[in-house]
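Inspection log for the structure reproduced underneath, given as structure tokens.
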Amino acid sequence: MTPPVRAHHVGSLLRPARLRAAYRRHRRGEIGDDAFREAQDEAICDVVAMQADLGLRVVTDGELRRVSYWSSFVEAVDGLEVDTSRFKFTDGRGDRLAFAAPHATGALRRWGSIAGAELDFLAGVVSPVSATPKITLPSPSTLQFGHAPLAGRYSSPEDFFTDLAGIYRAEIADLAARGGTLVQLDEAALAMLCDPNVRRKVEASGEVPGQLVDDYVAAIAAAGADRPARVTLALHVCRGNFKGRWMASGGYEPVAEALFAGSGVDLLLLEFDSARAGGFEALRHVPATMSVVLGLVSTKTPELERRDELLRRIEEASRYVDVERLALSPQCGFASTAGGNPVSEDDQRRKLALVVDVCNEVWGGP
144 MTPPVRAHHV
154 GSLLRPARLR
164 AAYRRHRRGE
174 IGDDAFREAQ
184 DEAICDVVAM
194 QADLGLRVVT
204 DGELRRVSYW
214 SSFVEAVDGL
224 EVDTSRFKFT
234 DGRGDRLAFA
244 APHATGALRR
254 WGSIAGAELD
264 FLAGVVSPVS
274 ATPKITLPSP
284 STLQFGHAPL
294 AGRYSSPEDF
304 FTDLAGIYRA
314 EIADLAARGG
324 TLVQLDEAAL
334 AMLCDPNVRR
344 KVEASGEVPG
354 QLVDDYVAAI
364 AAAGADRPAR
374 VTLALHVCRG
384 NFKGRWMASG
394 GYEPVAEALF
404 AGSGVDLLLL
414 EFDSARAGGF
424 EALRHVPATM
434 SVVLGLVSTK
444 TPELERRDEL
454 LRRIEEASRY
464 VDVERLALSP
474 QCGFASTAGG
484 NPVSEDDQRR
494 KLALVVDVCN
504 EVWGGP
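Residue numbers (the numbering used here): 144 to 509.
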């Protein structure tokens with residue numbers, strides 16, 4: 144992006160109390176679709192104003208219209224359904240929690256725009272002079288990794304990802320035609336495949352972890368192929384984010400060389416907020432054509448990070464990627480699902496403000 148943007152956030156934001164109440168009333172049939180949409184509109188205007196007030200130059204709608212970060216994709220593409228994932232989330236005590244994931248049950252067909260209406264509303268709220276609207280989409284692997292190997296209509300990964308790539312290219316072209324210039328894919332499977340426990344689980348299903356890495360990297364590259372020159376394609380890579388829990392541990396080293404060299408994206412948003420994420424050494428594989436957003440601020444806990452520690456870690460990362468190609472963000476969204484993480488709206492604001500303040504100190508602006 145020109146000029147470079149230093150202060151980022153991944154995408155999702157906590158649903159305000161009034162919107163959570165509207166969700167409940169809508170589910171109970173106490174308000175109709177129009178009233179519910181109006182509540183979403185008002186909440187989005189509020190979170191956009193919050194981001195602008197903090198000085199963020201890339202803003203999102205907080206994914207406030209979505210139940211999950213991938214839900215809009217499933218709703219707009221035939222052949223996808225939701226079922227229990229083969230993986231579970233965990234927390235610091237080792238407690239496990241089941242979760243749902245999308246998977247293919249038939250031929251994939253994009254019957255309409257996936258995020259176009261979200262972009263249209265967001266762009267109407269955001270001043271193009273002051274900020275860039277960002278639209279997020281689940282990565283291709285999201286539609287496969289949560290379940291057992293493909294079967295039925297898609298007996299081969301090649302057929303599945305070929306159809307899927309066409310859907311992404313059509314969606315990105317549509318977003319560009321609506322004025323979108325920043326699209327982000329949210330990727331967890333490749334980070335999970337850095338965890339030996341996850342690799343053993345997929346091997347037990349008859350899959351080869353290294354082949355999955357190759358398939359998923361190729362799918363990302365195919366999804367973004369031939370995108371309009373004005374579109375910056377970002378890739379957010381994390382280890383799972385649900386109510387403060389995660390799905391995997393381990394540094395990026397097992398996938399870094401293949402992912403960074405082969406994905407063809409412009410901007411990497413990488414999770415480095417805890418010891419589970421490993422060190423910065425894998426950044427040596429980042430090509431000179433990419434910039435890296437360091438996810439150093441946790442959205443999983445309310446504790447505010449220390450400024451001097453963030454400065455130290457940015458300096459450490461700059462040993463592998465020049466500081467002029469670095470930026471800063473929280474490690475993930477604050478609410479990858481509607482339930483959100485165990486932080487308050489005040490915690491969220493303080494953490495985003497810290498990101499902006501540190502960027503001002505390091506780079507002279509957000």
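Idealized CB from N, CA, C, for every residue including glycine.
Taking a contact to require three or more Cβ pairs closer than 8 Å, the stretch 433-447 and the stretch 283-301 do not qualify as touching.
DSSP places His-246 inside the beta strand (DSSP E), whose first and last residues are 243-253.
Counting C-beta pairs closer than 8 Å gives three or more between the stretch 146-161 and the stretch 204-214, which meets the contact rule. Here DSSP, grouped into helix, strand and coil, assigns Gln-354 to helix. The three-state reading of DSSP puts Ser-298 in coil, since its state is none of H, G, I, E or B. For Gly-259, the uninterrupted alpha helix (DSSP H) segment begins and ends at 259-268. The alpha-carbon of Arg-493 is positioned some 20 Å away from that of Leu-412. By the Cβ test, the stretch 161-173 is not in contact with the stretch 410-424, since fewer than three Cβ pairs between them sit closer than 8 Å.
Every unbroken stretch of the beta strand (DSSP E) spanning 3 or more residues and falling wholly within the stretch 408-456 is given here in chain order: 410-414, 434-440.
If you compare the alpha carbons of Met-193, Thr-248, Thr-233 with that of Arg-382, the shortest gap goes to Thr-233. Note: Asp-329 is bridge-paired with Pro-281, His-379 in the DSSP secondary-structure output. Thr-305 carries a helical assignment under DSSP once its states are collapsed to helix, strand and coil. Linking Pro-485 to Ala-418 through their CA atoms gives a straight-line distance of about 20 Å. In the DSSP assignment, Glu-224 forms a beta bridge with His-246. Its chain contains Thr-324 as the residues whose beta carbon lies nearer than 6 Å to that of Arg-373, once the 5 sequence neighbours on both sides are disregarded; these appear in chain order. Burial is judged here by how many other beta carbons sit within 10 angstroms of a residue's own beta carbon; Asn-384 has at least 16 and is buried.
Within its own chain, the residues whose Cβ lies closer than 6 Å to the Cβ of Phe-415, once the five positions on either side in sequence are excluded, are Leu-437, Gly-438, Leu-439, listed in chain order.
Residue pairing by DSSP puts Ser-211 in a beta bridge opposite Thr-480.
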